[in-house]
Amino acid sequence: MQLDDINTKSSVNGHHQTDVTIKIEAIKEEKRLLELSITEVRAENSKLGGEIHEVNNNHAELTKELQSVQGQLVAERSRCFNLEAKITELQKLLESMQSVEDQVQALRQKKFAFDQEMEHAATAQRQSSGGVWRLFGGSEK
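Everything in the sequence shown is counted per UniProt numbering, starting at 1 for the first residue and increasing by one.
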């Protein structure tokens, strides 16, 4: 049944015409409310679309920043690895230097003992030589 058919039949009976008019007005009001809801939903969709766009832009920026930080992290890990290798090398060098220092100290002690022996020998030599010279010196007088 179409709207024109309803209007034709309602003209026969005045009572039916008011019912149909009320129904038409109710349908028009429902249509207006639905159109208003559609407008609100479209506005909300547009707003959400803008927010999604903003979130996607933020995500893209954060992804770039994350990749940059990851690159820096890789570089720092490499640097740390190199520093750890240098530290290990320096620790070995330090250990060998301690060994060399111990050897130098032992040689100093040997040299000191040798110098003392030489000094004692020289002193003994002078004392024994001086005694002979005294003999010669004493016989001349």
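C-beta: ideal position from N, C-alpha, C; glycine also. Quantities reported herein were computed from a predicted structural model and do not represent experimental measurements.
Item                                                                                    : Value
Nearest-angstrom Cα separation, counted from L83 out to Q105                            : 32 Å
Buried or exposed by the 16-neighbour rule on C-beta atoms within 10 Å, applied to V100 : exposed
Span separating the alpha-carbon of residue 169 from that of E30                        : Given that the chain is displayed from residue 1 to residue 141, the structure contains no residue 169 and the question cannot be resolved.
Whole-angstrom distance between E89 and A121, CA atom to CA atom                        : 47 Å
Pairwise C-alpha distance: I87 and R77                                                  : 15 Å
CA-to-CA distance, M97 to F114, given in whole angstroms                                : 25 Å
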